Amino acid sequence: MSVLSRWRSDALWALSDQVLVSACTFLTTLLVARLVSVEAFSVFGLSVTVTLFVSAMYRSYLTQPMSVLGVSDGGDALTQRFRAVVVLHLLLWPLVCVGVAALGWRYFPDQGLTLAVLGYLLAYLLQEAVRRLCFTTSSIRLAWLMDMVAYGGYLGSLLAMVWWDVTMSVQGILWVGAAWFLISCAIGWQASGDTGSSHQWPTWSAVRAIAREHWDHSKWVCGSQVFLFGSFMLVPFQIAEFGSVLWVAHYNAANSILNVLNILRQTMGNYLPIVATRIYHERGFEAFRQALNRLSVAVLLASACMVLILVVFGEFLVSILYGARYMPVAEILPMAAIGPLVAMLSFVTQAGGLALGRTEQIFHAYLAGTICSVVLAPLLIPRFGLSGAIWVANVGYIVPTAWHWVMFRRDCREVASLKGA
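With our numbering applied, the sequence shown has no gaps in its numbers, which climb one by one up to 1454 at the end.
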């Protein structure tokens, strides 16, 4: 099999994996919305937002550098890097616990829910670390199996609750999800041969060296994740702060319907940085630039078709999926789709920036988006309600995407000039 054929095969499995994750996540959110009250669903949405933010930080500092830097590692070197990543995972847990406790004190109704959010988050992070190792070693089928167990098992448990008419609180639902993520992690750990017990764990000096290497590679990306959260992922908490619990639930319902866009977005986030780096190093800058240009056009066309479907059938979708309690979501769905559509381009430019080593522009782009979001939220949300919150999010999507696209094109011209010289 040629290198190009292998990339295409892996890309299909990666796409299949993200379809699985997105579909199960969407159906899980739908079932939770029907199993609990609107107020409880808003709290569930806040807990998911916390999970997404922390996992993005872990991915930026630990697992994404493992994927990019691990491409050139041999078998034993990659194993040592992975095990160092696991150690760093554990060392960062106290910081995660403090952060979740602070958010729980402010936004969650009781300590039991805060503990459930923390348990779900830590289990999710462990599963994600092993899953990313599978992507790094091109074991995409194993990653697919892990996600089938984790997300499929979680969804199946909720379906069983609905079938048997079992009543469960939000914290109980989160503990069920945590259990399935731990089972998936154990399966992936045992199935990946490079992580077997025959390998020695790295020394503290090796862990520190890898920590520094990852930080040098990812410091701008880590900063960008903080401000990415501030640009548009902070919106549910801004609604809770300046609006009402009901608006949080409706915003979460709209985002869950738009989760169909994540099939492309998360697939690119998982796989594109690795592919872009390989193309740049193995086929040269011109092939790298042409590949990203073609991908940009394809992404815009595909996402535009998806958003058009959501606009035309939005009211029907909300009616059959969420019922009468969430019908106001149909009115905001077209507006809510604008930002994610435009932001599809940012995944292409971010992957290119990672390959070129120009990650500081990602940081600056989301810093600009965060400033806009923080300034606009207390102005628009109290005055315009949920529509104001949607436009806070849209600005948080559009400003960073435009900024980074302009800067990435500038970086490409600079690299082309150097190559020509």
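Here a beta-carbon is modelled for each residue, glycine too, at the ideal position from N, C-alpha and C.
Every value quoted in this text rests on a predicted model; they were computed, and no experiment measured them.
For residue 1141, the secondary structure class from DSSP, reduced to helix, strand or coil, is coil. In the three-state scheme derived from DSSP, where H, G and I count as helix and E and B as strand, residue 1180 is classed as helix. Distances from the CA of residue 1449 to each of 1416, 1322, 1330 were compared; the closest alpha carbon is that of 1322.
In the DSSP assignment, residue 1069 falls outside any alpha helix (DSSP H) and carries neither an H nor an E. The criterion of a C-beta distance shorter than 7 Å is satisfied by residue 1283 and residue 1362.
The beta carbons of residue 1098 and residue 1247 sit about 4 Å from each other, so the pair counts as a contact at 8 Å. Secondary structure note for residue 1249: its alpha helix (DSSP H) is the uninterrupted segment 1237-1261. Taking residue 1065 as reference, the option from 1103, 1342, 1054, 1289 with the minimal CA-CA separation is 1289. Going by DSSP, residue 1368 is part of the alpha helix (DSSP H) stretching over 1362-1389. Contact between residue 1393 and residue 1253 holds: their C-beta atoms lie close to 4 Å from each other, under 8 Å. The Cβ atoms of residue 1121 and residue 1095 lie closer than 7 Å to each other. When the Cα atoms are used, residue 1395 and residue 1434 turn out to be separated by approximately 9 Å. In this model, residue 1182 and residue 1216 are separated by some 8 Å (Cα to Cα).
The stretch 1072-1084 makes contact with the stretch 1186-1203, as at least three CB pairs between them are under 8 Å. For residue 1288, the enclosing alpha helix (DSSP H) stretches over residues 1278-1290. The three-state reading of DSSP puts residue 1424 in helix, counting H, G and I together. In the same chain as residue 1195, and ignoring 5 residues on each side of it, the C-beta atoms closer than 8 Å to its own belong to 1064, 1067, 1068, in chain order. Following the DSSP letters along the chain, one finds residue 1234 in no alpha helix (DSSP H), marked with neither H nor E.
For the pair residue 1348 and residue 1128, the Cα-to-Cα distance works out to about 42 Å.
Counting the other CB atoms within 10 Å of its CB gives residue 1083 a total of 16 or more, which places it among the buried residues. Under the three-state reduction of DSSP, residue 1317 is assigned to coil, being neither helix nor strand. By the Cβ rule, the stretch 1052-1061 counts as touching the stretch 1183-1193, because three or more pairs are nearer than 8 Å. Counting other Cβ atoms within 10 Å of its Cβ, residue 1338 stays below 16 and is therefore classed as exposed. Shortest Cα-Cα distance from residue 1411 to any of 1264, 1381, 1274 involves 1274. Judged by DSSP in its simplified three-state form, residue 1081 adopts helix. Counting of Cβ neighbours within 10 angstroms places residue 1114 among the buried residues, the total reaching 16 or more. Annotated as distal: residue 1264 and residue 1421, with beta-carbon spacing of 7 Å or more.
In this structure, DSSP gives residue 1190 a helical state, which the three-state scheme calls helix. In the structure shown, the three-state DSSP call for residue 1344 is helix.
For residue 1383, the number of other beta carbons within 10 angstroms of its own is at least 16, and it is reported as buried. The Cβ-Cβ distance between residue 1430 and residue 1381 does not fall below 7 Å. Residue 1139 and residue 1278 have their alpha carbons spaced roughly 14 Å apart. Between residue 1165 and residue 1179, the C-beta gap is not smaller than 7 Å, which leaves the two residues out of contact. Cβ-Cβ separation between residue 1271 and residue 1119: approximately 34 Å, too far for a contact (criterion under 8 Å). Taken through DSSP and simplified to helix, strand or coil, residue 1198 comes out as coil.
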